[in-house]
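Peer 1: 6 is the number of the first residue of the first sequence in the working numbering; add one for each residue after it. Cβ atoms here follow ideal geometry from the backbone N, Cα and C, with glycine treated the same way. Below: one structure in structure tokens.
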Amino acid sequence: MDIFADFSLRILAALGELYPDREDLCELAERSTVEPPRDPSHGQVSSNIAMVCAKSLKTNPRQLASSLKEIMITDEDISDIQIAGPGFLNFFLTSDIWYRVLGSILEDPGKFGRNDMGRGRAVNVEFVSANPTGPMHVGHTRGAVFGDALASLLEFCGFEVTREYYINDAGGQIDVLARSAFLRYREALGQDIGEIPPGLYPGEYLIPVGAELARRFGSKYLKASESKWLPVFGPLVLEAMMELIRQDLKLLGVSHDFFFSEKVLHGENGKIAQTLAALERDGLVYRGTLPPPKGKPGEDWEDREQTLFRATSFGDDTDRPLVKSNGDYTYFAADIAYHRDKFLRGFTDQIIVLGADHSGYSKRLQAAVRAVSGGKASIDVKICQIVRLMRDGKPFKMSKRSGDLVTVRDLVEEVGADVVRFMLLFRRNEAPMDFDFALVREQSRENPVFYVQYAHARACSIARKTGEEMPGLDTSLSALAGADFSQLSSVEDLELLQTLAQWPRVVAAAVRAHEPHRVAFYLYDLAGALHGFWARGGQDASLRFVNPGQPELTKARLAMVTAIQKVLEQGLNLLGVSAPRELS
RNA sequence: GGCCCCGUAGCUCAGCUGGAUAGAGCAACGGACUUCUAAUCCGUAGGUCGUACGUUCGAAUCGUACCGGGGUCACCA
6 MDIFADFSLR
16 ILAALGELYP
26 DREDLCELAE
36 RSTVEPPRDP
46 SHGQVSSNIA
56 MVCAKSLKTN
66 PRQLASSLKE
76 IMITDEDISD
86 IQIAGPGFLN
96 FFLTSDIWYR
106 VLGSILEDPG
116 KFGRNDMGRG
126 RAVNVEFVSA
136 NPTGPMHVGH
146 TRGAVFGDAL
156 ASLLEFCGFE
166 VTREYYINDA
176 GGQIDVLARS
186 AFLRYREALG
196 QDIGEIPPGL
206 YPGEYLIPVG
216 AELARRFGSK
226 YLKASESKWL
236 PVFGPLVLEA
246 MMELIRQDLK
256 LLGVSHDFFF
266 SEKVLHGENG
276 KIAQTLAALE
286 RDGLVYRGTL
296 PPPKGKPGED
306 WEDREQTLFR
316 ATSFGDDTDR
326 PLVKSNGDYT
336 YFAADIAYHR
346 DKFLRGFTDQ
356 IIVLGADHSG
366 YSKRLQAAVR
376 AVSGGKASID
386 VKICQIVRLM
396 RDGKPFKMSK
406 RSGDLVTVRD
416 LVEEVGADVV
426 RFMLLFRRNE
436 APMDFDFALV
446 REQSRENPVF
456 YVQYAHARAC
466 SIARKTGEEM
476 PGLDTSLSAL
486 AGADFSQLSS
496 VEDLELLQTL
506 AQWPRVVAAA
516 VRAHEPHRVA
526 FYLYDLAGAL
536 HGFWARGGQD
546 ASLRFVNPGQ
556 PELTKARLAM
566 VTAIQKVLEQ
576 GLNLLGVSAP
586 RELS
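Below, the structure written as structure tokens:
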């Protein structure tokens with residue numbers, strides 16, 4: 006039950022009564038808002054619809070507002086309507102409507118906040134897609150958490166979501182990886198390999214891989230030529246790396262539904278070739294030269310003719326090469342084919358989560374998706390800005406003594422997955438962020454993860470306490486749903502209920518904008534509302550949750566606390582953060 | 001030089017498809033523990049929303065230009 010969405014409909018209905026002959030009212034009203042006003046003296050629900058629609062309806066905003074008021078004032082849920090400023094409609098509601106919200110939460114807690122915006126539409130969310138050349142490092146973490154939370158949010162709103170990972174396993178880097186592992190293989194067989202030569206991967210994570218190869222093949226390939234061992238080692242090492250990455254993702258609580266291998270796109274009559282043929286049929290491929298990038302010293306710029314994709318026809322800044330000088334396809338050519346494959350698999354709604362270093366890739370991807378789908382599909386490119394690791398307010402290096410980068414595992418082992426996930430989601434994805442190891446381990450309001458989890462635990466604790474103090478009280482969910490909510494008549498009670506009632510609206514806004522951080526901020530607010538109410542109980546006994554002398558009030562308060570607990574749990578769940586019933 | 005992102009209180013950040021007197025936390029100052037977990041809460045103070053024009057009933061939000069910070073720029077993936 007989203008009372009703001011509900012009121013949009015009521016207002017629209019009133020507008021319909023006023024203008025029965027207009028058929029464009031829905032469109033007109035779409036640009037208007039129905040929202041909780043900042044200032045309580047403006048009521049509990051406020052709309053700007055009169056200002057938005059007045060011009061098209063050939064009237065003035067205050068006049069329209071007053072006509073709407075006349076019709077709507079008969080609504081039993083509305084105690085008063087005020088017209089303010091240039092034409093705002095401010096609705097003052099009876100408490101009853103908040104009690105109904107509370108009742109609907111308790112009736113089916115899993116349903117509250119959910120909506121069916123997706124109507125079963127398929128959405129593909131590609132995220133992480135880290136190169137399979139080593140374990141995940143911190144740079145990948147934000148995108149991993151963001152993509153996963155966004156996917157959960159979409160599922161919550163009725164979308165059919167596929168979490169997808171694109172494995173870049175076709176390029177030269179896989180050969181480099183195999184060569185690096187070959188060194189470790191020799192090392193495992195007792196050879197002195199000295200320093201890892203530059204250009205190869207020096208990471209220690211390849212040592213166990215080399216050992217495994219040695220166990221499996223013995224000295225069979227020790228003296229063999231590269232052409233013999235490379236095709237054998239390559240796939241094995243790749244699989245080992247993917248296993249490493251899957252383990253890292255698991256630590257974060259992330260799992261993908263589908264892993265797509267770039268390799269399958271290549272080959273004689275492969276998907277890249279098919280895709281380019283299709284683009285060619287549409288006249289989107291041509292031979293030509295590209296202007297050198299301006300302002301950049303183009304030392305080894307080669308002014309040669311190449312095969313280009315007409316990306317500029319779809320809003321990109323320049324056309325893009327499809328074939329390298331050695332005849333291989335470019336990475337982007339493969340990517341076009343990949344996104345065409347997504348489209349052919351039925352995804353007209355696509356989302357991709359990329360790091361800040363790929364922000365320049367956004368336009369060409371959108372161009373590609375539009376080109377291969379004939380304009381039927383679109384992709385929303387979400388860029389996660391960089392995370393700076395800090396300790397006690399000072400930045401620290403991303404690389405360790407061994408030369409390895411700080412990994413996801415290091416991060417999770419030090420502060421825990423809940424902290425990592427919540428903190429990374431407690432910021433707009435577009436904003437760069439500092440992640441302070443020290444701060445994040447504090448248990449105070451400065452640490453939002455703790456703050457929200459504590460609120461959840463506190464709600465559970467209040468319920469336990471009620472059971473202990475008043476053993477005769479029926480505190481089952483159905484009994485609470487039938488409690489006498491009119492007991493919740495204080496300003497504080499009503500404010501808390503109103504905060505609760507905003508949850509569906511927050512979810513809808515977050516999913517529309519593809520911005521899971523809004524959920525995190527709402528949970529922080531809701532937690533603050535509960536903590537505040539709790540503290541007032543210390544001064545004013547009438548605001549305590551457990552009142553042994555007043556079973557009806559206690560039951561109603563417990564209903565409210567339970568509703569808060571359910572929403573916090575649901576919200577944390579969407580973010581992939583645990584909701585502990587008690588703190589240790 | 002082109003493109004993308006950022007610029008809001010001393011610090012870290014919110015600000016909902018343009019709405020009413022721009023919010024929160026931290027830091028500062030002043031309060032509240034015979035309590036349902038004080039790991040908490042309440043209050044005070046703090047802003048030319050980078051700058052300048054423009055769009056309109058109304059701009060932190062949209063447009064243009066500039067300033068400052070970060071990222072990125074064919075034949076890597």
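Does the Cβ of Arg168 have 16 or more other Cβ atoms within 10 Å, making it buried, or fewer, making it exposed?
Peer 2: Position 163 of the first sequence, counted from the first residue, corresponds to residue 168. With 16 or more Cβ atoms within 10 Å of its Cβ, Arg168 is classed as buried.
Peer 1: Tell me which same chain residues have a C-beta within less than 7 angstroms of the C-beta of Leu579, skipping the five on either side of it?
Peer 2: In the first sequence, the residue the question calls residue 579 occupies position 574. The residues are Ala154, Ser157, Leu158, Phe161, Val524.
Peer 1: Would you tell me roughly how many angstroms separate the C-alpha atoms of Gln87 and Arg315, rounded to the nearest one?
Peer 2: As a working note, residue 87 is residue 82 in the first sequence. As a working note, residue 315 is residue 310 in the first sequence. For Gln87 and Arg315, the distance between alpha carbons rounds to 56 angstroms.
Peer 1: Of all the beta strand (DSSP E) runs that stay within the bounds of the region 63–98, which reach a length of 3 or more residues?
Peer 2: Listed in chain order, they are 83–89, 93–98.
Peer 1: Compute the Euclidean distance between the alpha carbons of Pro521 and Arg119, then round it to the nearest angstrom.
Peer 2: For the purposes of this step, residue 521 is taken as residue 516 along the first sequence, with counting starting at 1. For the purposes of this step, residue 119 is taken as residue 114 along the first sequence, with counting starting at 1. The straight-line gap from Cα to Cα measures roughly 14 angstroms.
Peer 1: Using 10 angstroms around the beta-carbon of Trp234, count the other beta-carbons present and answer buried if the total reaches 16, otherwise exposed.
Peer 2: Here residue 234 is taken as the residue at index 229 of the first sequence, counted from 1. Counting Cβ neighbours within 10 Å, Trp234 comes out buried, since at least 16 surround it.
Peer 1: Enumerate in chain order the residues of its own chain whose CB-to-CB distance from Gln49 is below 7 angstroms, with the five nearest sequence positions on each side excluded.
Peer 2: As a first step, residue 49 is located in the first sequence; it is residue number 44 there, counting from the start. Taken in chain order, the residues that qualify are Pro41, Phe96, Phe97, Leu98, Gln503.
Peer 1: Spell out the partners DSSP gives Leu334 in its beta bridges.
Peer 2: In the first sequence, residue 334 corresponds to position 329, counting from 1. For the record, residue 334 in the displayed sequence is Tyr; it is not Leu. Answer is Val328.
Peer 1: Verify whether the separation of the beta carbon atoms of Leu528 and Gly581 is less than 9 angstroms.
Peer 2: Translated into positions along the first sequence, residue 528 becomes position 523. Translated into positions along the first sequence, residue 581 becomes position 576. Contact: no.
Peer 1: Relative to the C-alpha of Thr353, which candidate in Asp29, Asn53, Arg126, Arg463 has its C-alpha closest?
Peer 2: Mapped onto the first sequence, residue 353 falls at position 348. Considering only alpha carbons, the answer is Arg126.
Peer 1: Comparing C-alpha positions only, which one of Thr79, Ile54, Glu81, Asp80 sits nearest to Gln68?
Peer 2: Indexing the first sequence from 1 puts residue 68 at position 63. Per the Cα distances, Ile54.
Peer 1: Please report the distance separating the alpha-carbon of Ile356 from that of Lys368.
Peer 2: The residue labelled residue 356 in the question sits at position 351 within the first sequence. The residue labelled residue 368 in the question sits at position 363 within the first sequence. Rounded to whole angstroms, Ile356 to Lys368 spans 13 angstroms at the Cα level.
Peer 1: Beta-carbon within less than 6 angstroms of Phe164's beta-carbon, same chain only, minus the 5 sequence neighbours each way: which residues are those?
Peer 2: Along the first sequence, one-based indexing puts residue 164 at 159. Excluding sequence neighbours, Phe164 sits near Gly123, Arg126, Val128.
Peer 1: In three-state terms, what does DSSP make of Asp11?
Peer 2: Here residue 11 is taken as the residue at index 6 of the first sequence, counted from 1. Of the three classes helix, strand and coil, the one that applies to Asp11 here is helix, per DSSP.
Peer 1: Less than 6 angstroms between C-beta atoms, sequence neighbours within five positions excluded: which residues of the same chain meet that for Asn65?
Peer 2: Here the question's residue 65 lines up with position 60 in the first sequence. Ala59.
Peer 1: Do you know how far the Cα of Phe337 is from the Cα of Arg292?
Peer 2: Within the first sequence, residue 292 is the residue found at index 287, counting from 1. Within the first sequence, residue 337 is the residue found at index 332, counting from 1. Distance between the alpha carbons of Arg292 and Phe337: 16 angstroms.
Peer 1: Quick check on this structure: which residue in Ile201, Glu248, Arg191 has the alpha carbon closest to the alpha carbon of Gly4?
Peer 2: The question about residue 4 has no answer, for the chain in this structure spans 6 to 589.
Peer 1: With 16 as the cutoff for other CB atoms within 10 Å, does Thr471 come out buried or exposed?
Peer 2: Position 466 of the first sequence holds residue 471. Result: buried.
Peer 1: State the Cα-Cα distance for the pair Lys560 and Glu497, rounded to the nearest angstrom.
Peer 2: Looking up residue 560 in the first sequence gives position 555. Looking up residue 497 in the first sequence gives position 492. Distance between the alpha carbons of Lys560 and Glu497 is about 17 angstroms.
Peer 1: Whole angstroms are fine: how far does the CA of Asp441 sit from the CA of Ala245?
Peer 2: Walking along the first sequence from the start, residue 245 turns up at place 240. Walking along the first sequence from the start, residue 441 turns up at place 436. Going by the C-alpha atoms only, they are around 32 angstroms apart.
Peer 1: Taking buried to mean at least 16 other C-beta atoms within 10 Å of its own C-beta, is Asp22 buried or exposed?
Peer 2: Looking up residue 22 in the first sequence gives position 17. The residue asked about is misnamed: residue 22 is Glu in this sequence, not Asp. When all chains shown are included, Glu22 counts as exposed.
Peer 1: What runs of the alpha helix (DSSP H), each 4 residues or longer, lie entirely inside the region 172–258?
Peer 2: The qualifying runs are 177–193, 212–222, 231–256.
Peer 1: Please return the same chain residues whose Cβ sits closer than 7 angstroms to the Cβ of Leu62, not counting the five positions on each side in sequence.
Peer 2: Looking up residue 62 in the first sequence gives position 57. Cβ neighbours of Leu62 beyond the five flanking positions: Tyr24, Leu69.
Peer 1: Look up Val417 in the DSSP assignment and give the residues it is bridged to.
Peer 2: In the first sequence, counting from the first residue as 1, residue 417 sits at position 412. According to DSSP, Val417 bridges with nothing at all.
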